[in-house]
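Visitor:
Residue numbers (this note's numbering): 61 to 313.
#1: Which two residues bound the contiguous alpha helix (DSSP H) that contains residue 203?
#2: At what residues does the alpha helix (DSSP H) containing residue 307 begin and finish?
#3: List the residues that DSSP assigns as beta-bridge partners of residue 198.
#4: Whose C-beta lies closer than 6 Å to the C-beta of residue 131 among residues of the same chain, with five residues either side of it excluded?
#5: I need the straight-line Cα distance from residue 197 to residue 98, nearest angstrom please.
#6: Below 8 Å on the Cβ atoms is my contact criterion, and I expect residue 110 with residue 172 to pass it. Report the Cβ-Cβ distance as a whole number of Å.
#7: For the beta strand (DSSP E) holding residue 110, just list the boundary residues, first then last.
#8: Identify, in the order they occur along the chain, each residue of the same chain with its Cβ nearer than 7 Å to the Cβ of residue 231, setting aside the five sequence neighbours on each side.
#9: Check residue 171 in the structure and name its three-state DSSP category.
#10: If I'm right that residue 322 touches residue 209 with Cβ under 8 Å, what's the distance once you round it to whole angstroms?
#11: What is the rounded straight-line gap between the Cα of residue 221 and the Cα of residue 263?
#12: Need the endpoints of the beta strand (DSSP E) that residue 155 sits in, please.
#13: Is residue 279 near residue 140, with beta carbons less than 8 Å apart?
#14: What are the boundary residues of the beta strand (DSSP E) that includes residue 136?
#15: Going by beta carbon distance, what residues of the same chain come within less than 6 Å of residue 213, once the five residues before and after it are set aside?
#16: For residue 224, is the classification buried or exposed, using 16 other Cβ atoms within 10 angstroms of its Cβ as the cut-off for buried?
#17: Under three-state DSSP, which class holds residue 269?
#18: Give the secondary structure of residue 263 by DSSP, where H, G and I count as helix, E and B as strand, and everything else as coil.
#19: Near residue 125, what residues of its chain come up, given a Cβ to Cβ distance below 8 Å and the 5 sequence neighbours on each side ignored?
#20: Buried or exposed for residue 166, going by 16 or more other Cβ atoms inside 10 Å?
#21: Which same chain residues end up closer than 7 Å to residue 245 when comparing Cβ atoms and leaving out the 5 residues on each side of it in sequence?
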């Protein structure tokens, strides 16, 4: 029998991956809020993959609790994540996917573009998603892809506080706002990642991704929290980000 896939967090994304792994014939061991990670590690000491599928707000706590025996077989999929987030927990080479599909409780899966995936167990992730008809592409260094996904989420959500509507309309009708926010967000992302970012190239890629699914909505429930986190990073890094601060003043309590 194949070694199980452990999935920590069984929300909408975790459930999608569980379904995909089961379709490939792999046993799945879910870890929910009612179960202890360390107790599960006793039962499954060496899973083929331990996929952390919790929301970004819970990632820090989960990574702090990971057993040593799982650290060379971790998978990550969170938004607003960059390499320093796992490196500070001594996770050297995780399998990481920048998820470019969406699943909500009352809707089917919507794919925007193929999801890039990197790391030693990338093939397991690709096989699971392929079983659901979802596309992936393998990359050696996923950092720029994570920055682009973060840019997409942050610009869409934060600009949506002001404009509402769809990402297609945001790109075509509010391009000045998109550019101003993108430049500030990429300042933050560059500082957090510790690497230079091709700002013009990133904004061009952002537009391509917006137009790949132009009817996708902008503002989500998490928009105010995403804006608050972006400003907290900017304050800590000593960055001015006037457009982010204006939107916070005008559109959040």
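All residues carry an ideal CB built from backbone N, CA and C; glycine is no exception.
Because the structure is a prediction, the values reported are computed rather than measured.
Guide: Checking against the coordinates, here is how it stands:
#1: Numbered from its first residue, the chain shown carries residue 203 at position 143. DSSP places residue 203 inside the alpha helix (DSSP H), whose first and last residues are 203-223.
#2: Numbered from 1 along the chain shown, position 247 holds the residue referred to as residue 307. 302-311 is the span of the alpha helix (DSSP H), which, as asked, contains residue 307.
#3: Residue mapping note: residue 198 aligns to position 138 of the chain shown, counting from 1. 177, per the DSSP bridge assignment.
#4: To locate residue 131, count along the chain shown from 1; it is residue 71. Counting only Cβ-Cβ distances below 6 Å, and skipping sequence neighbours, we find 151.
#5: Locating residue 197 in the chain shown gives position 137, where the first residue counts as 1. Locating residue 98 in the chain shown gives position 38, where the first residue counts as 1. Roughly 32 Å separates the two Cα atoms.
#6: By one-based count along the chain shown, residue 110 stands at place 50. By one-based count along the chain shown, residue 172 stands at place 112. No, residue 110 and residue 172 are not in contact; Cβ-Cβ is about 26 Å, not under 8 Å.
#7: Here residue 110 refers to the residue found at position 50 when the chain shown is read from its first residue. Judged by DSSP secondary structure, residue 110 falls within the beta strand (DSSP E) whose first and last residues are 109-112.
#8: Indexing the chain shown from 1 puts residue 231 at position 171. So the list reads 238, 267, 270 and 271, once near-sequence residues are dropped.
#9: Indexing the chain shown from 1 puts residue 171 at position 111. It is a strand residue.
#10: A question about residue 322 goes unanswered here, because the residues of the chain that appear run from 61 up to 313.
#11: Within the chain shown, residue 221 is the residue found at index 161, counting from 1. Within the chain shown, residue 263 is the residue found at index 203, counting from 1. Those two C-alpha atoms are separated by around 20 Å.
#12: Taking the first residue of the chain shown as 1, we reach residue 155 at position 95. Taken as a continuous stretch (DSSP letters only), the beta strand (DSSP E) holding residue 155 covers 155-157.
#13: Numbered from 1 along the chain shown, position 219 holds the residue referred to as residue 279. Numbered from 1 along the chain shown, position 80 holds the residue referred to as residue 140. For residue 279 and residue 140, no; Cβs fall outside 8 Å.
#14: Against the chain shown, residue 136 aligns to sequence position 76. In this chain, the beta strand (DSSP E) harbouring residue 136 covers 134-136.
#15: One-based indexing of the chain shown puts residue 213 at position 153. If we look at residue 213 and ignore the five residues flanking it on each side, its Cβ neighbours are 139.
#16: Indexing the chain shown from 1 puts residue 224 at position 164. So residue 224 counts as exposed.
#17: Looking up residue 269 in the chain shown gives position 209. Here residue 269 sits in helix by DSSP.
#18: Along the chain shown, one-based indexing puts residue 263 at 203. In this structure, residue 263 counts as helix in the three-state DSSP scheme.
#19: Against the chain shown, residue 125 aligns to sequence position 65. Result list for residue 125: 97 and 98, in chain order.
#20: The residue you call residue 166 lines up with position 106 of the chain shown. It is exposed - the Cβ of residue 166 has fewer than 16 other Cβ atoms within 10 Å.
#21: The sequence position of residue 245 within the chain shown is 185, counting from 1. Counting only Cβ-Cβ distances below 7 Å, and skipping sequence neighbours, we find 211, 214, 215 and 290.
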